[in-house]
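So the protein sequences, as listed, match chains A, B, C and D. Numbering-wise, the first sequence is residues 1 to 398 according to the working numbering. Numbering-wise, the second sequence is residues 1 to 398 according to the working numbering. Numbering-wise, the third sequence is residues 1 to 364 according to the working numbering. Numbering-wise, the fourth sequence is residues 1 to 364 according to the working numbering. Idealized CB from N, CA, C, for every residue including glycine.
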Amino acid sequence: MDLNFTQEEVEFREEVRGWLAENLPADLARKVRSDAPLTKDDMVRWQLILHEKGWLTYSWPAEFGGTGWGPVKQFIFEEEMAYACAPRILPFGLKMLGPVLMKFGTKEQQDYYLPRMCDGTHWWCQGYSEPGAGSDLASLKTAAVRDGDHYIVNGQKTWTTLGQHADWIFCLVRTSTDGKPQEGISFLLIDMKTPGIEVRPIQTIDGGREVNEVWLTDVKVPVENLVGEENKGWTYAKYLLTHERTNIAGVGKSNQELARLKELAANQKRNGKPLAEDPFFAARMAKVEIALMNMEITNLRVLAQAEAGGSPGAESSMLKILGTEIEQELTDLTRRALGRSAQALTPEADDQGFNGPYVAPEGFQNASGVYFNHRKTTIYGGSTEIQKNIINKMIVGL
Amino acid sequence: MDLNFTQEEVEFREEVRGWLAENLPADLARKVRSDAPLTKDDMVRWQLILHEKGWLTYSWPAEFGGTGWGPVKQFIFEEEMAYACAPRILPFGLKMLGPVLMKFGTKEQQDYYLPRMCDGTHWWCQGYSEPGAGSDLASLKTAAVRDGDHYIVNGQKTWTTLGQHADWIFCLVRTSTDGKPQEGISFLLIDMKTPGIEVRPIQTIDGGREVNEVWLTDVKVPVENLVGEENKGWTYAKYLLTHERTNIAGVGKSNQELARLKELAANQKRNGKPLAEDPFFAARMAKVEIALMNMEITNLRVLAQAEAGGSPGAESSMLKILGTEIEQELTDLTRRALGRSAQALTPEADDQGFNGPYVAPEGFQNASGVYFNHRKTTIYGGSTEIQKNIINKMIVGL
Amino acid sequence: MEFTHTDTRRMLADTIDRYLRDKYPLAARVEAGTTEPGFQPAQYEALAELGVIAALFPEDQGGFGGEGFDIAVVFEELGKRLVNEPVMDNALVPGSILAAAGQSDAVENIIAGAARYALAAEEPQALYDLTDVETRAEATGDGWALTGAKSVVKYASGCDGFIVSARTDKGVSLFLVGADQVSLRDYVTVDGGRAAELTLDGAAGQLLGDEGAGEAMLQEAADRAVLALSAEALGIMQTVREMTIEYLRTRKQFGVVIGKFQALQHRMAEMLLEIEQARSAVINAANALSLSGAERARIIAAAKYSIGRIGRLVAEESIQMHGGIAMTWEYDLGHFAKRLILIDHEWGDQDFHLARFIEHGHAA
Amino acid sequence: MEFTHTDTRRMLADTIDRYLRDKYPLAARVEAGTTEPGFQPAQYEALAELGVIAALFPEDQGGFGGEGFDIAVVFEELGKRLVNEPVMDNALVPGSILAAAGQSDAVENIIAGAARYALAAEEPQALYDLTDVETRAEATGDGWALTGAKSVVKYASGCDGFIVSARTDKGVSLFLVGADQVSLRDYVTVDGGRAAELTLDGAAGQLLGDEGAGEAMLQEAADRAVLALSAEALGIMQTVREMTIEYLRTRKQFGVVIGKFQALQHRMAEMLLEIEQARSAVINAANALSLSGAERARIIAAAKYSIGRIGRLVAEESIQMHGGIAMTWEYDLGHFAKRLILIDHEWGDQDFHLARFIEHGHAA
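(1) Between the stretch 272–288 of chain A and chain D, which residues of the former have a C-beta closer than 7 Å to a C-beta of the latter?
(2) Any chance the stretch 187–198 of chain B sits against the stretch 221–236 of chain B, with 3 or more Cβ pairs inside 8 Å?
(3) Using a Cβ-Cβ cut-off of 6 Å (strictly less than) and excluding sequence neighbours within five positions of Thr67/A, which residues of its own chain qualify?
(4) Taking the alpha helix (DSSP H) that Trp144/D belongs to, which residues open and close that run?
(5) Could you check the C-alpha separation between Tyr112/A and Val314/C for me, to the nearest Å?
(6) To which residues of the same chain is Lys95/A closer than 7 Å at the C-beta, ignoring the five residues directly before and after it?
(7) Return the chain-ordered list of same chain residues with a C-beta closer than 6 Å to the C-beta of Ser368/B, the five sequence neighbours on each side being excluded.
(8) Would you decide whether Ser183/D is buried or exposed? Buried here means 16 or more other CB atoms lie within 10 Å of its CB.
(9) Give the straight-line distance between the Cα atoms of Val72/B and Leu303/B, rounded to the nearest whole angstrom.
(10) If we count Cβ pairs, one from each stretch, closer than 8 Å, do we get three or more for the stretch 151–168 of chain B versus the stretch 102–111 of chain B?
(11) Just checking: is the beta-carbon of Phe3/D within a distance shorter than 9 Å of some beta-carbon in chain A?
(12) For Thr140/D, which of Gly192/D, Ser173/D, Asn84/D and Ala203/D has the nearest alpha-carbon?
(13) Rounded to whole angstroms, what's the CA-CA distance from Leu198/C to Ala137/C? Just pull it up for me.
(14) Relative to chain C, which residues along the stretch 353–378 of chain A have a C-beta separation below 7 Å, given in chain order?
(15) DSSP state of Ala222/C, grouped into three classes?
(16) Measuring straight from C-alpha to C-alpha, what distance separates Ala364/C and Gly356/A?
(17) Using a threshold of 9 Å, state whether the C-beta atoms of Glu97/A and Gly207/A are closer than that.
(18) Using the rule of at least 16 other Cβ atoms within 10 Å of the residue's Cβ for burial, across every protein chain shown, is Arg309/C buried or exposed?
(19) Hey, is the stretch 324–340 of chain A in contact with the stretch 1–10 of chain B, meaning 3+ C-beta pairs nearer than 8 Å?
(20) Answer with yes or no whether the minimum CB distance from Thr6/A to chain D is below 9 Å.
(21) Could you list the residues in the stretch 135–151 of chain D with a C-beta less than 9 Å from some C-beta on chain B, going in chain order?
(22) Using C-beta distances below 6 Å, list every residue in its chain close to Ala46/C, excluding the 5 sequence neighbours before and after it, in chain order.
(23) Quick check on Leu313/D: does DSSP put it in helix, strand or coil?
(24) Counting contacts by CB-CB distance shorter than 9 Å, is Gln265/C in contact with chain D?
(25) Could you check where the alpha helix (DSSP H) with Asp35/A kicks off and where it finishes?
(26) Got a sec, what are the start and stop residues for the beta strand (DSSP E) Gly155/B sits in?
(27) Anything in chain C within Cβ reach of Phe261/D, meaning under 8 Å, just list it in chain order.
(28) Applying a beta-carbon distance threshold of less than 7 Å, which residues of chain C neighbour Met293/B?
(29) Judging by CA-CA distance, which residue of Glu224/A, Gly134/A, Asp351/A and Thr177/A is the nearest neighbour of Met327/C?
(30) Pick out the complete alpha helix (DSSP H) segments inside the stretch 299–367 of chain B, 4 residues or longer, and give them in chain order.
(31) Exposed or buried, which one is Asn267/A when buried takes at least 16 other CB atoms within 10 Å?
(32) Could you tell me the alpha carbon to alpha carbon distance between Gly70/A and Glu307/A, rounded to whole angstroms?
(33) Using a C-beta cutoff of 9 Å, does Thr331/A count as contacting chain C?
(34) Please list the segments of the beta strand (DSSP E) lying wholly inside the stretch 124–199 of chain D, counting only runs of 3 or more residues, in order along the chain.
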């Protein structure tokens with residue numbers, strides 16, 4: 001047993017931390033820290049800075065131009081990014097489509113798409129979910145009918161995150177209705193500029209406009225945009241979903257949020273004393289901190305296993321459940337710590353030159369919005385209920 | 001809206017309280033207060049005192065020699081019994097079999113059995129559960145085969161509370177295997193002295209010996225001991241189970257336990273201050289007290305409905321769930337309040353002339369045992385899981 | 001014992017219910033909650049005409065109710081339809097203080113829907129503690145001059161006047177301050193509505209009640225507000241309950257309606273059971289308004305604690321059982337859930353009231 | 001990072017596991033726990049021979065381990081089979097104090113299983129607080145005379161001596177007291193075993209370590225004890241887990257195995273997930289034994305808090321999922337559940353350790 005990182009890993013962490021301190025633009029870090037929305041330009045700017053350093057493809061093998069880092073280094077990198085309040089690297093191209101293309105794509109597809117998802121040419125979005133499907137992903141209905149050199153695609157995708165900025169979408173489409181629902185699904189790459197595609201924003205309960213519906217009406221897609229074999233898309237989709245995610249638990253992000261919460265609680269006052277010393281609030285914070293400490297060890301255990309070449313079983317589902325619940329609890333405590341001021345919705349206070357008075361303390365203008373927005377985390381990416389089904393299946397076997 | 005009892009009800013409460021103060025033997029109250037086990041003699045003694053007063057049949061209609069009290073008076077009576085730490089009135093004859101006989105029994109059965117379950121002649125026990133059945137009561141297998149004027153009964157009953165003292169048992173038996181499991185069940189009264197009956201004690205995890213297995217081997221039961229019609233026993237069993245229970249929530253008992261817990265917490269010390277002032281412990285106590293306050297109102301709502309002739313729906317199941325959870329939580333807090341001394345098992349400290357030193361404070365010699373024993377309350381009488389199924393069925397309808 | 005409302009209160013409830021069902025579409029409410037003044041003045045006036053405000057005041061103040069159960073009935077109905085008209089903030093709370101201070105003209109105008117006032121009591125540095133008052137009042141020749149800041153004064157914009165708590169040498173007192181005497185920074189609230197930061201810089205104020213009597217007066221108003229909020233939350237929970245039941249019955253996943261999944265059934269049963277506990281808490285609080293001392297304080301604190309705890313459960317569980325659709329602005333549920341959660345941020349959250357409950361237990 | 005044990009520790013675990021599986025039937029353990037001396041002396045000696053005690057001490061004290069992970073490995077194995085031999089109470093805890101005080105002969109005898117000692121630290125008036133000491137020690141000509149009372153000293157009967165905390169003018173100190181110097185009132189414990197109330201009336205004692213150093217010495221012993229208890233609880237949870245999984249797979253109700261009911265599936269998933277969290281807490285605590293200061297205190301407190309919380313969940317949920325059978329003495333589960341719950345009553349319960357965690361957070 002050894003809970004410590006190796007000397008090399010410790011030095012690597014220093015290197016990442018040092019580089020971030022010098023290269024992460026302060027305005028971006030400030031936005032991330034206070035949960036203010038990022039523009040497309042913000043995200044692309046940061047992506048290109050990372051790309052120049054060669055770290056954008058931190059999770060890719062060297063043969064495809066990646067860093068070739070193992071799970072532990074990837075984890076450290078992600079932790080440091082979280083601590084520094086760097087904008088998250090959008091996963092759709094780099095973490096989702098990328099690995100699928102590397103494993104199942106043709107050489108031509110790899111050569112064309114992989115570089116372009118790094119250099120800012122292609123912004124990718126994901127076309128998995130459909131309005132009627134929800135957790136039952138395989139019941140999807142968007143149909144692709146072969147017509148000569150093309151597929152004609154009709155249907156509707158939803159929850160397409162940042163689809164409003166996207167150049168391309170990777171879609172699961174139904175190419176056959178024979179057999180089980182899983183058997184007639186194919187994996188298609190679609191240029192968003194193709195006629196017949198319409199993106200309609202979905203406003204979320206916090207007022208945000210991150211997700212979209214994507215409507216497809218007689219969209220012509222060249223057959224060479226098919227990934228792998230027709231009707232085998234479910235295999236690729238599952239590969240993507242179960243593809244080793246070393247930081248599904250979001251330890252770095254939650255540690256960062258906890259630190260921010262503690263600072264807030266030290267400054268807020270209840271009965272003339274810091275809120276952090278109120279026994280009920282202190283207990284709430286301590287409980288989530290302990291859960292996070294335990295989960296961090298659980299996460300390291302999975303990581304060590306992955307580093308040794310093993311693949312995690314039910315632990316991935318456990319980490320998804322725990323990680324999202326801890327994240328949600330932190331957003332809950334943050335809004336609680338703000339008291340009455342959590343009711344104010346004052347994004348203008350984040351603007352440069354804002355002149356007060358603040359309602360919530362600086363950096364906490366949108367705490368309630370963040371709380372409501374985070375309700376999604378236990379719904380998407382395999383809901384908590386689905387994860388419990390998986391845990392039960394893998395361990396109890398029923 | 002009026003949350004107050006009527007003047008008549010208030011006076012009735014005073015009357016009950018006054019009578020209990022004078023007539024409840026102090027040694028019995030002391031045993032009940034400190035959760036010490038009662039002997040058969042203890043229980044019979046108290047039962048006869050109540051019978052002499054005419055209150056043993058407090059839940060019976062006047063035509064059968066009962067008090068004729070409505071739901072509210074019955075509730076008040078039960079509350080006062082709990083506050084006074086009176087031994088509970090055993091339900092098997094008076095609350096379970098009695099109402100079934102009144103509704104479905106013959107005149108002869110009523111005339112014979114009802115008086116004898118009051119005057120100490122017949123101690124009744126219940127033969128419902130079987131080892132394989134659990135929550136699936138209708139899957140019972142104990143068989144009664146008609147043979148001339150008798151049934152020949154073979155099978156096994158379990159969880160028979162205080163069966164070791166019993167003169168008679170009322171049993172659900174299978175008289176037919178045609179149709180649905182519910183359709184072939186009959187309701188039989190069996191004299192425990194009949195050859196072929198063996199009572200084997202089951203020791204529970206707290207070391208208690210309240211429950212038993214009852215084995216029946218070729219037990220001859222006269223056909224006149226059948227209640228109602230053959231194969232209609234399920235109807236009677238359900239009547240018994242759903243027969244209006246005005247105090248399923250145990251409000252009086254829990255209020256009494258809470259008062260005892262508060263007293264304990266005021267005397268125990270943590271960091272030199274009363275445990276009752278420790279913020280974490282105070283919060284635990286306050287939460288259960290608030291749950292109990294709310295449940296008390298819910299209970300009164302159901303009671304008012306019953307008094308007006310209505311019959312409770314899903315509320316009965318809600319009160320069963322809440323009442324048992326609150327009871328369990330109180331036993332949990334009591335053992336917590338005792339700290340290390342909850343580990344000692346010192347029933348001898350309850351003996352007259354015990355000479356110390358006490359480990360746990362007087363009256364709390366068996367707090368951990370009580371905690372473990374109370375785990376049964378969410379399992380028996382329709383487990384919490386079964387109650388949730390019922391609530392869902394009645395309200396959501398699926 | 002009697003757990004049905006009087007005929008008068010049932011008629012009132014029916015009247016409000018029918019009006020809101022017919023004439024208070026949710027879409028307009030949501031829209032109003034994102035713009036100025038944060039509510040629909042015509043609706044507010046219509047509600048006043050229906051007697052919604054008069055029901056909150058006793059006859060000798062020009063109303064026809066004013067008891068705990070009147071407040072509970074009104075706000076439960078308003079909650080069911082997610083009404084964000086400032087009935088609590090501009091009528092119930094300031095009206096009861098003004099009545100206690102003998103300002104009967106102002107109360108009449110409030111009841112008629114012709115005037116709106118707001119209580120400006122909570123300060124930026126205080127977490128729900130109404131006695132944590134740094135605003136100062138100095139005696140001037142014929143009145144008082146107030147200086148300080150108040151936070152999240154709901155529906156402040158357009159008010160005819162403000163009731164402001166301020167400290168003098170005799171402790172906390174309440175003052176009536178004209179709208180022209182204060183500066184407001186107005187903004188939208190997360191749950192749909194508006195509020196303002198209010199600053200006073202030597203504002204002229206008129207003492208309400210006795211000097212130093214402010215804490216008691218505030219507590220009296222707080223008890224009414226807590227009851228109103230709790231009843232509003234109960235109304236919201238009932239609508240959420242209906243929406244969730246309907247969704248469980250109709251939404252299909254994996255070929256069956258999701259209400260067939262036992263894991264969801266059991267969670268729904270828990271939610272249903274807790275909502276009944278919330279209802280009992282509100283009944284108890286409504287009744288407690290006619291009590292006094294520690295008993296009243298404990299019961300009212302217990303209600304707000306219960307509403308805070310159960311409200312969070314209902315909001316979070318109903319969203320989770322709905323899944324993605326509940327995350328959208330377009331679907332009604334999220335708006336109900338937001339208000340339910342934010343009710344815990346008004347007049348003391350669940351921890352605040354748990355502490356208050358404990359404190360008054362010791363005192364008893 | 002490395003999350004597998006060293007070969008030596010894995011061999012030790014295998015040895016203990018094999019021995020207990022073959023030669024430590026639960027029935028005998030349960031029986032022993034209800035009679036005198038509360039355990040099976042022959043088993044205790046056999047465990048000592050296997051090296052179970054030696055593994056808890058470093059080489060320079062005559063053992064071959066003594067690190068956090070040695071303690072964790074041993075007690076996890078003991079927990080799995082619900083061993084109630086006094087390895088913690090008569091060896092680990094007193095042994096580490098005696099070693100620190102330079103009593104190497106006594107430690108040697110402990111390691112050999114030839115002598116048993118017990119720490120008598122907690123007093124009747126104290127809830128887990130080892131610094132709440134009213135027992136007094138007065139200097140005599142050549143030693144000390146102790147007067148006071150100690151509560152729930154586990155496996156006291158038959159001990160060769162006691163380590164007693166007592167107050168002098170310099171604070172709390174520890175003393176070695178002969179068995180003939182104390183009176184014991186011996187009794188059964190709820191979780192199967194024995195303990196005693198211990199009284200001292202001018203008992204002759206020998207100072208261990210420096211006068212006034214008692215609190216630090218006790219805290220050092222407490223950290224080891226908490227780790228041992230946490231690992232024992234983890235072992236118990238694993239057995240409970242296996243029993244419950246087996247029961248879900250085989251017990252039928254309404255015609256299907258109960259593990260098919262989704263409500264139980266989801267609760268089982270939560271229990272499985274929490275047990276993994278408990279495992280992580282134990283690993284963290286084992287590692288923390290080599291740290292110092294607030295960091296060590298926080299991690300060890302966090303582990304005991306986690307074990308208390310998760311232990312209750314596992315005990316209660318496993319009984320509930322089993323139903324009636326789990327309530328019987330004859331079925332194994334209840335005995336595991338009882339020990340799991342009572343572990344929260346030794347060396348500070350979850351509230352005590354949550355407070356400790358918070359306190360050391362502020363200090364850090």
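So, from the listed chains and residues:
(1) Per Cβ criterion, the list reads Ala282, Ala283 and Ala286.
(2) yes
(3) What you label residue 67/A is simply residue 67 of the first sequence in a count that begins at 1. Cβ neighbours of Thr67/A beyond the five flanking positions: Tyr58.
(4) In the fourth sequence, residue 144/D corresponds to position 144, counting from 1. Run containing Trp144/D: none in the alpha helix (DSSP H); it sits in the beta strand (DSSP E), Trp144 to Lys154.
(5) Numbered from 1 along the first sequence, position 112 holds the residue referred to as residue 112/A. Numbered from 1 along the third sequence, position 314 holds the residue referred to as residue 314/C. For Tyr112/A and Val314/C, the distance between alpha carbons rounds to 49 Å.
(6) Taking the first sequence and counting its residues from 1, the one referred to as residue 95/A is at position 95. The residues are Ser59.
(7) Start at 1 with the first residue of the second sequence, and residue 368/B comes out as number 368. Arg335 and Ala342, listed in sequence order.
(8) The sequence position of residue 183/D within the fourth sequence is 183, counting from 1. When all chains shown are included, Ser183/D counts as exposed.
(9) Within the second sequence, numbered from 1, the residue matching residue 72/B stands at position 72. Within the second sequence, numbered from 1, the residue matching residue 303/B stands at position 303. Rounded to whole angstroms, Val72/B to Leu303/B spans 6 Å at the Cα level.
(10) No: the two stretches stay apart, fewer than three of their Cβ pairs being nearer than 8 Å.
(11) Residue numbering aside, residue 3/D sits at position 3 when the fourth sequence is read from its first letter. Chain A, which has a Cβ nearer than 9 Å to the Cβ of Phe3/D, makes this yes.
(12) On the fourth sequence, residue 140/D is found 140 positions in, with the first residue counted as 1. Closest option to Thr140/D, Cα to Cα, is Ala203/D.
(13) Indexing the third sequence from 1 puts residue 198/C at position 198. Indexing the third sequence from 1 puts residue 137/C at position 137. The alpha-carbon of Leu198/C is positioned some 15 Å away from that of Ala137/C.
(14) Pro357, Val359, Ser368, Gly369, Phe372, Arg375, Lys376 and Thr378
(15) Here the question's residue 222/C lines up with position 222 in the third sequence. Note: Ala222/C maps to helix in three-state DSSP.
(16) Locating residue 364/C in the third sequence gives position 364, counting from the first residue. Locating residue 356/A in the first sequence gives position 356, counting from the first residue. Its pLDDT being 46, under 50, Ala364/C is placed unreliably by the model, and the measurement read from it follows with that caveat. Taking the straight line joining both Cα atoms gives about 44 Å.
(17) Stepping through the first sequence from its first residue, residue 97/A is reached at position 97. Stepping through the first sequence from its first residue, residue 207/A is reached at position 207. Checking the sequence shown, residue 97/A turns out to be Leu, not Glu. No, they are not a contact pair.
(18) Position 309 of the third sequence holds residue 309/C. Classification of Arg309/C: buried, given that the 10 Å Cβ count is 16 or more.
(19) The stretch 324–340 of chain A is not in contact with the stretch 1–10 of chain B.
(20) Taking the first residue of the first sequence as position 1, residue 6/A is located at position 6. Closer than 9 Å: yes.
(21) Ala149 and Ser151
(22) For the purposes of this step, residue 46/C is identified with residue 46 of the third sequence, where counting begins at 1. Once the five neighbours on either side are set aside, Ala46/C has no close Cβ partner at all.
(23) What you label residue 313/D is simply residue 313 of the fourth sequence in a count that begins at 1. Residue state, collapsed to three classes: helix.
(24) In the third sequence, counting from the first residue as 1, residue 265/C sits at position 265. Chain D contact via Cβ: present.
(25) Within the first sequence, residue 35/A is the residue found at index 35, counting from 1. Unbroken run through Asp35/A: none, as it is neither H nor E.
(26) Residue numbering aside, residue 155/B sits at position 155 when the second sequence is read from its first letter. His150 to Lys157 is the extent of the beta strand (DSSP E) around Gly155/B.
(27) In the fourth sequence, residue 261/D corresponds to position 261, counting from 1. Neighbourhood of Phe261/D in chain C, by CB distance below 8 Å: Gln262, in chain order.
(28) Locating residue 293/B in the second sequence gives position 293, where the first residue counts as 1. Simply Asn284 and Ala302.
(29) Numbered from its first residue, the third sequence carries residue 327/C at position 327. That would be Gly134/A, whose Cα lies nearest to the Cα of Met327/C.
(30) 314–338
(31) For the purposes of this step, residue 267/A is identified with residue 267 of the first sequence, where counting begins at 1. It counts as exposed.
(32) As a working mapping, residue 70/A is identified with position 70 in the first sequence. As a working mapping, residue 307/A is identified with position 307 in the first sequence. Approximately 6 Å, taken between the alpha carbons.
(33) Here residue 331/A is taken as the residue at index 331 of the first sequence, counted from 1. For Thr331/A, the answer is no, since every Cβ of chain C falls outside 9 Å of its Cβ.
(34) Along the length of the stretch 124–199 of chain D, whole beta strand (DSSP E) runs at least 3 residues long occupy 136–139, 144–154, 161–168, 171–178 and 182–189, reported in chain order.
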